[in-house]
Amino acid sequence: MTEPPLIVQQDGTVLLETQHPRYEEARDRLSRFAELEKSPEYVHFYKITSVSVWNAAALGETVESIVDWIVLNSRFSVAPQVVQKLREWHRRYGLIRLVAAADGSLELSCDDQDALHAIGKDATLLKIVKKTKGGPLRVNADDRGNVKEALMRLGYPVDDRAGYVLGDTLTFSLRSTAGGGKPFALRNYQQAAAEAFHRGGSELGGCGVVVLPCGGGKTVVALGVMQMAQTNTLVLTTNTVAVRQWVREVLDKTDLREEQVAEYTGDSKAIRPVTVATYQILTHRKDKFAAFTHMELFDKGNFGLIVYDEVHLL
Numbered sequence: 162m163t164e165p166p167l168i169v170q171q172d173g174t175v176l177l178e179t180q181h182p183r184y185e186e187a188r189d190r191l192s193r194f195a196e197l198e199k200s201p202e203y204v205h206f207y208k209i210t211s212v213s214v215w216n217a218a219a220l221g222e223t224v225e226s227i228v229d230w231i232v233l234n235s236r237f238s239v240a241p242q243v244v245q246k247l248r249e250w251h252r253r254y255g256l257i258r259l260v261a262a263a264d265g266s267l268e269l270s271c272d273d274q275d276a277l278h279a280i281g282k283d284a285t286l287l288k289i290v291k292k293t294k295g296g297p298l299r300v301n302a303d304d305r306g307n308v309k310e311a312l313m314r315l316g317y318p319v320d321d322r323a324g325y326v327l328g329d330t331l332t333f334s335l336r337s338t339a340g341g342g343k344p345f346a347l348r349n350y351q352q353a354a355a356e357a358f359h360r361g362g363s364e365l366g367g368c369g370v371v372v373l374p375c376g377g378g379k380t381v382v383a384l385g386v387m388q389m390a391q392t393n394t395l396v397l398t399t400n401t402v403a404v405r406q407w408v409r410e411v412l413d414k415t416d417l418r419e420e421q422v423a424e425y426t427g428d429s430k431a432i433r434p435v436t437v438a439t440y441q442i443l444t445h446r447k448d449k450f451a452a453f454t455h456m457e458l459f460d461k462g463n464f465g466l467i468v469y470d471e472v473h474l475l
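Encoded structure:
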């Protein structure tokens with residue numbers, strides 16, 4: 162009988178034999194809740210971390226399904242502290258919820274006393290979280306990112322249900338035949354990625370990261386999201402060449418007109434319903450003490466969607 166494919170170490174490192182007959186099955190399952198760290202020829206090294214477990218929880222993985230699979234597929238007994246950490250990380254996912262309040266501020270809600278105690282002791286959170294008499298904890302909308310970052314640092318990833326500010330409506334369709342005459346449609350995985358982002362337009366959607374290999378069609382996924390959102394869109398990318406490629410793709414694969422799409426670069430600074438700019442121009446300033454010259458672009462176009470191209474370089 163073949164031994165199980167995994168060796169789970171006390172620090173959460175998981176070794177997976179590449180020559181094992183069940184390697185591919187185990188790799189696909191393991192990658193849902195552990196991060197690949199090293200991949201030498203015969204043994205791949207994964208690490209179970211708080212973030213990897215939170216990502217799994219976000220994908221709907223139950224803690225029991227993860228623990229049961231690890232125990233079943235580990236060659237040796239799994240250390241109790243590994244299981245204990247995994248369970249605690251999973252338990253913390255979504256304990257603290259962020260929702261929109263009627264007055265435009267945000268509310269933090271939590272039923273866990275340990276989490277509330279952590280908020281009450283953290284110096285950063287004390288500056289931005291306001292206690293209300295007998296009511297929920299309040300956060301100014303401008304501090305949304307700050308409070309989420311601070312809580313993540315404390316080990317409490319926020320379940321953000323606050324939604325987003327709407328931009329101007331932009332009605333358009335994707336072409337069934339691209340400008341070059343070739344048939345065009347999103348592939349199944351591209352459509353699934355766009356739908357996972359949009360979540361039917363509910364407060365559950367509205368943000369995400371698309372990870373695909375080169376040539377997988379990340380731009381096409383973004384076009385699918387744009388078509389679902391039907392709103393003014395700002396696209397930020399790495400250089401002027403990429404800006405012009407984006408403009409060509411938008412005009413080639415949607416029925417938007419040329420006067421609705423523009424580039425915002427050193428050569429041209431037009432703002433239209435779909436505006437494509439570079440990271441460099443947005444972060445330009447005359448010196449390190451000066452204000453960012455073009456940061457107001459975020460507000461000028463009344464954009465309801467921002468696409469960060471090549472976001473791993475940001």
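Numbering-wise (this note's numbering), the sequence shown opens with residue 162 and increments by one. No residue lacks a Cβ here, since even glycine has one placed at the ideal position from N, Cα and C.
Query, Result
"Unbroken stretches of the beta strand (DSSP E), 3 residues or longer, contained in the segment 307-339", "319-321"
"Best match in Leu397, Arg360, Thr392, Glu356 for proximity to Val382 [C-alpha to C-alpha]", "Glu356"
"Check whether Tyr203 and Val175 have beta carbons under 8 Å apart", "no"
"Proximity of Phe464 and Gly362 at Cβ, strictly below 8 Å", "no"
"The segment 331-340 touching the segment 414-429, judged by at least three CB pairs closer than 8 Å", "yes"
"Inter-residue spacing [alpha-carbon to alpha-carbon] between Gly221 and Tyr254", "11 Å"
"Buried/exposed call for Asn393, threshold 16 Cβ in 10 Å", "buried"
"Exposed unless 16 or more other CB atoms sit within 10 angstroms - verdict on Gly340", "exposed"
"First and last residue of the uninterrupted beta strand (DSSP E) at Ile257", "257-261"
"Separation of Leu373 from Gln180, as counted between CA atoms", "26 Å"
"Span of the beta strand (DSSP E), counted from its first residue to its last, around Ala438", "435-439"
"For Ile209, the three-state DSSP class (helix, strand or coil)", "coil"
"Ala423 - DSSP class collapsed to helix/strand/coil", "strand"
"Contact under 8 Å by Cβ, Lys291 with Arg299", "yes"
"According to DSSP, residues forming a beta bridge with Arg299", "Glu268, Lys291"
"Bounding residues of the alpha helix (DSSP H) (the contiguous stretch that carries Glu178)", "Glu178 -> not in any alpha helix (DSSP H); beta strand (DSSP E) instead, spanning 174-178."
"Candidates Gly377, Thr401, Phe358, Val244, of which the one nearest Cys368 by Cα", "Phe358"
"Proximity of Ala423 and Thr436 at Cβ, strictly below 8 Å", "yes"
"Whole-angstrom distance between Asp448 and Val370, CA atom to CA atom", "32 Å"
"Touch test, the segment 255-275 against the segment 311-321, Cβ-Cβ under 8 Å, three pairs minimum", "yes"
"Contact under 8 Å by Cβ, Asn307 with Ser266", "no"
"Contacts around Leu167, its chain only, beta-carbon distance under 8 Å, and the 5 residues preceding and following it disregarded", "Val175, Leu176, Leu177, Ala187, Leu191, Ile231, Asn234, Ser235, Arg236"
"Range covered by the beta strand (DSSP E) that runs through Thr394", "394-398"
"Distance, Ala346 Cα to Gly377 Cα", "14 Å"
"Distance between beta carbons of Glu196 and Ser211, contact taken as under 8 Å", "No, Ser211 and Glu196 are not in contact; Cβ-Cβ is about 11 Å, not under 8 Å."
"Backbone CA spacing between His278 and Thr285 [nearest angstrom]", "14 Å"
"Cβ-based neighbour list, Leu397, same chain, cut-off 6 Å, excluding 5 preceding and 5 following", "Ala438, Tyr440, Tyr469"
"Whole-Å CB distance - Leu395 paired with Ile467, under 8 Å assumed", "5 Å"
"First through last residue of the beta strand (DSSP E) which encompasses Leu466", "466-469"
"Counted within 10 angstroms of its Cβ, other Cβ atoms place Tyr317 as buried (16 or more) or exposed", "buried"
"Candidates Lys461, Val402, Val169, of which the one nearest Ser238 by Cα", "Val169"
"Arg193 vs Ala219 beta-carbon contact at 8 Å", "no"
"Supposed close pair Ala353, Ala261 - CB separation, criterion 8 Å", "Contact flag wrong, Cβ pair sits at about 28 Å."
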